[in-house]
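**Q**
Numbering (the numbering used here), first residue to last: 453 to 584.
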């Protein structure tokens, strides 16, 4: 089963953690420097906030899969969507080692599809395509 992924940039991490903890009725599952993540079950969502001095608000959406087979099926759908497709492969980003690819919808909204292998102690980095 897949899980919707949504990511926002925020100005004040602590204030935003308090707000989203109340909104979701759950504590974040991961909190690191300038980063927090909730794995919400109702609705099934991977929700991330990152503190930044850059533009605030929505950054991208995605589909988190629970298996590599599911991920490959989503990759095939992304490729057939007649839109830009960026295979990123296995990478470290947002304190997780994941395999992922990116696409964008007709209005330029970035979407990622990914399967997470495990958490890491390092943040890593997002590809330059994010936020363009």
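Ideal placement from N, C-alpha and C gives every residue a C-beta, glycine not left out. All values derive from a computational prediction rather than experimental measurement.
Does residue 586 come out as helix, strand or coil in the three-state DSSP assignment?
**A** Residue 586 falls outside the range modelled here, since the chain spans only 453 to 584, and no answer is possible.
**Q** Touch check for the segment 526–542 and the segment 551–562: three-plus C-beta pairs under 8 Å?
**A** Judged by Cβ distances under 8 Å, the segment 526–542 makes contact with the segment 551–562, as three or more pairs qualify.
**Q** Figure out for me which residue from 485, 492, 483 has the closest Cα to the Cα of residue 477.
**A** For the residues 485, 492, 483, the minimum Cα distance to residue 477 belongs to 492.
**Q** Taking the DSSP output, what are the residues bridged to residue 488?
**A** Answer by DSSP bridge pairing, in chain order: 483, 501.
**Q** Could you name the residues that DSSP lists as bridge partners for residue 542?
**A** 551.
**Q** Locate the alpha helix (DSSP H) running through residue 533, then write down its first and last residues.
**A** Segment: none, residue 533 is in no alpha helix (DSSP H) and carries neither H nor E.
**Q** Which whole-angstrom value describes the C-beta separation of residue 578 and residue 545, a residue pair presumed to lie in contact below a C-beta threshold of 8 Å?
**A** Sure, about 5 Å apart at Cβ, within 8 Å.
**Q** Do you know how far the Cα of residue 472 is from the Cα of residue 494?
**A** Roughly 14 Å between the two C-alpha positions.
**Q** State the CB to CB distance for the pair residue 460 and residue 523, rounded to an integer number of angstroms; the pair is presumed to be in contact (CB under 8 Å).
**A** Contact flag wrong, Cβ pair sits at about 24 Å.
**Q** Please confirm whether residue 561 and residue 512 have their CB atoms less than 9 Å apart.
**A** Contact: yes.
**Q** With a Cβ-Cβ cutoff of 9 Å, do residue 457 and residue 516 count as a contact?
**A** Going by C-beta atoms, residue 457 is nearer than 9 Å to residue 516.
**Q** Per the DSSP calculation, residue 572 is bridged to which residue(s)?
**A** According to DSSP, residue 572 bridges with nothing at all.
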